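Numbering (this note's numbering), first residue to last: 63 to 685. Where a beta carbon is used, it is the ideal one built from N, C-alpha and C, also for glycine. Given the structure is predicted, the values throughout are model-derived calculations rather than measurements. Written below as structure tokens is the structure these notes are about.
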């Protein structure tokens, strides 16, 4: 019966055997067979269609959010009505009164958080992570409008944030809402949430590859085709729609770069290491300030307004720190700012971001981190170029590395950070320094702090966030490799009395918790447990065949251990008869939970055992 389907197995009898009496051999039902975990099936096509819809929806929401931020900015700083998204906060109209603008914005956000949803506080990604890990990717519907509106108010009134965090959170909420409205499982709903988030980021920056990678590294917690492909479809759709009305020009335009030499590469990696330290300092500063707000004798609703005081004062001193500040990033990358301006922007943006984010207002961290990292990277590049002129450091590449590396260290999204810097500048000669700098920043950051700026908040609440994605060891082991082939079976005609006497004669090592029941021609009828046999409800003269309660739940010999474990967990059982596809009623082995644990433990011991330091010399001598 090679190649037979599950339905074919329902009435199957062993080759050459007699038909099995229905009373003695319950039919094998589909749910009694271990399912094959396929990487791609028809459900993925359906998810891709939904993801394309989310991509278009995310592009539309991103357009609305950007123009809404422009409207609030014009109204707050210029006192006029305009939806121009190029609005830049200015202090020329208000003077020192400008300090009150972020305070008013913070007050409105605090009220929205108090009476709308406290989840709008912060930059959105930690909250999305929490819903994925604890709530089966279910985000309340009200977040689809509360988050973008509150963020537009916070950013439009001078908050030192980018639009990417809110649109990522909003896109994720839209994906979750669509998943809740449809008949899909939690894994598929997570995929739609990540697709919506990727669409939002892609629509803001026109960076579909990095948006997909960011979803993988921060939201999906897996690298599987069935989730990766829909997310990529959503990101590409959103980027294509953005390109149709914004064009294909890079978001952060900069002059063409030159190929870095060996010494220069070493310097860029050194800058990456410095960004790893800086990412740790930013993260600790934000949460130190947040801890300070926790001790204030006022309700948390007022915290964003208090943080707005610091934002307003800093903005009065240096207006460049107010608002999104994408133009600041372009200026730093193009080396168009003087040293004093770069130092001022770096220091004051750091203070403003730490105070605003620590106070719990709403906004994204990517843009301000890029500003801080790019500024410090440019300063380090200028210093190295002055001290070591022979290194031929390009200050623009130094700024580019600093920009990406600080986000890699703070968020632990290594690939997304490097690719994002490339996609938003379209400078291929910066890729190698970017990858080196981001990798070292990640390394330094991970050594200095356990959690990232994205995970520290939810880690404090007791949520464990996966930080490594690796191949499932159990998915690489076939059932027959670990199952016990020394079968101890029972006959359906045995009585309970004789079986109990036989069990009493067994030693502890020879005893089992479950036994397959097979008839004279080897046909599997079912499985009975030790508890079944010792139950007082079964009289001593009752036959074993009468104890069988349901059709046998089986695993095929060529299936993976992961598929078998899924079946054990689904039916809450401790053992599985192992059969072949050719003879699905002939038991060839028994798989127990102990077999699974032993196999997994052996693999783990091999993976963790250090290699002998003398092994290589021995191999060389043997060769």
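Pick from the options: whose alpha carbon is nearest that of residue i?
i, options, result
"residue 128", "425, 613, 515", "425"
"residue 203", "219, 225, 232, 213", "232"
"residue 423", "490, 355, 475", "355"
"residue 661", "550, 584, 537", "537"
"residue 607", "622, 590, 332, 616", "590"
"residue 174", "481, 199, 510, 213", "213"
"residue 324", "495, 389, 317, 294", "495"
"residue 429", "460, 413, 404, 465", "465"
"residue 659", "637, 361, 647", "637"
"residue 395", "255, 367, 461, 417", "461"
"residue 158", "579, 376, 111, 199", "376"
"residue 238", "252, 229, 247, 245", "252"
"residue 633", "643, 621, 613, 644", "613"
"residue 341", "469, 284, 283", "469"
"residue 277", "181, 302, 476", "476"
"residue 385", "110, 622, 626, 149", "149"
"residue 224", "434, 588, 549, 104", "434"
"residue 182", "163, 627, 209", "209"
"residue 610", "642, 553, 399, 524", "553"
List the DSSP bridge partners of residue i.
i, result
"residue 591", "576"
"residue 147", "For residue 147, which the question treats as bridged, DSSP gives no partner whatsoever."
"residue 638", "653"
"residue 586", "580"
"residue 552", "579"
"residue 557", "605"
"residue 540", "622"
"residue 648", "585"
"residue 708", "Here the chain has residues from 63 to 685 only, and residue 708 is not among them."
"residue 567", "According to DSSP, residue 567 bridges with nothing at all."
What do you get for residue i, buried or exposed, if any count of 16 or more other CB atoms within 10 angstroms of its CB means buried?
i, result
"residue 667", "exposed"
"residue 544", "buried"
"residue 264", "buried"
"residue 519", "buried"
"residue 344", "buried"
"residue 401", "exposed"
"residue 240", "buried"
"residue 603", "exposed"
"residue 353", "exposed"
"residue 388", "buried"
"residue 351", "buried"
"residue 177", "exposed"
"residue 67", "Note on residue 67: pLDDT 34, under 50, position unreliable in the model; no value is reported."
"residue 84", "Model confidence at residue 84 stands at a pLDDT of 37, short of 50, so the residue's coordinates are unreliable; what they give is reported in the following sentence. It is exposed - the Cβ of residue 84 has fewer than 16 other Cβ atoms within 10 Å."
"residue 575", "exposed"
"residue 188", "buried"
"residue 530", "exposed"
"residue 533", "exposed"
"residue 584", "exposed"
"residue 141", "exposed"
Tell me which residues share the same chain as residue i and place their Cβ nearer than 6 Å to its Cβ, disregarding the 5 neighbours each side in the sequence.
i, result
"residue 474", "514"
"residue 640", "541, 545, 617, 619, 650, 651, 653"
"residue 562", "none"
"residue 371", "165"
"residue 457", "397, 440, 443, 444"
"residue 161", "374, 375, 378"
"residue 432", "391, 465"
"residue 229", "124, 127, 262, 266"
"residue 329", "446, 453, 455"
"residue 102", "287"
"residue 491", "319, 321"
Excluding sequence positions up to five away, which residues of its chain have a Cβ less than 8 Å from the Cβ of residue i?
i, result
"residue 106", "287, 288, 291, 292"
"residue 236", "116, 119, 120, 123, 206, 258"
"residue 308", "268"
"residue 555", "605, 606, 607"
Taking 8 Å as the cut-off, is the beta-carbon of residue i closer than that to any non-hydrogen atom of the ligand MN?
i, result
"residue 462", "In the structure shown, the ligand MN is absent, as is every other ligand, since no ligand is present at all."
Could you pull out every residue in the same chain whose Cβ sits closer than 7 Å to the Cβ of residue i, ignoring the five residues on either side in sequence?
i, result
"residue 502", "331, 334, 335, 338"
"residue 171", "212, 215, 216, 366, 423, 424"
"residue 665", "535"
"residue 486", "267, 269, 312, 313, 314"
"residue 284", "531"
- Item | Segments of 3+ residues assigned as beta strand (DSSP E) that fall wholly inside the segment 192-216 | Runs of the beta strand (DSSP E) inside the segment 192-216: none found.
- Mind listing, in chain order, the continuous alpha helix (DSSP H) runs of no fewer than 4 residues lying wholly within the segment 361-436? 365-379, 388-395, 401-420
- Query: Fully enclosed by the segment 263-351, which alpha helix (DSSP H) runs are 4 residues long or longer?
  - Reply: 270-277, 287-308
- Message: Extract the residue ranges of the alpha helix (DSSP H) inside the segment 465-498, only unbroken runs of 4 or more that lie entirely within it.
- Response: 476-487
- 4 or more residues per run - each alpha helix (DSSP H) lying fully within the segment 97-141: 104-140
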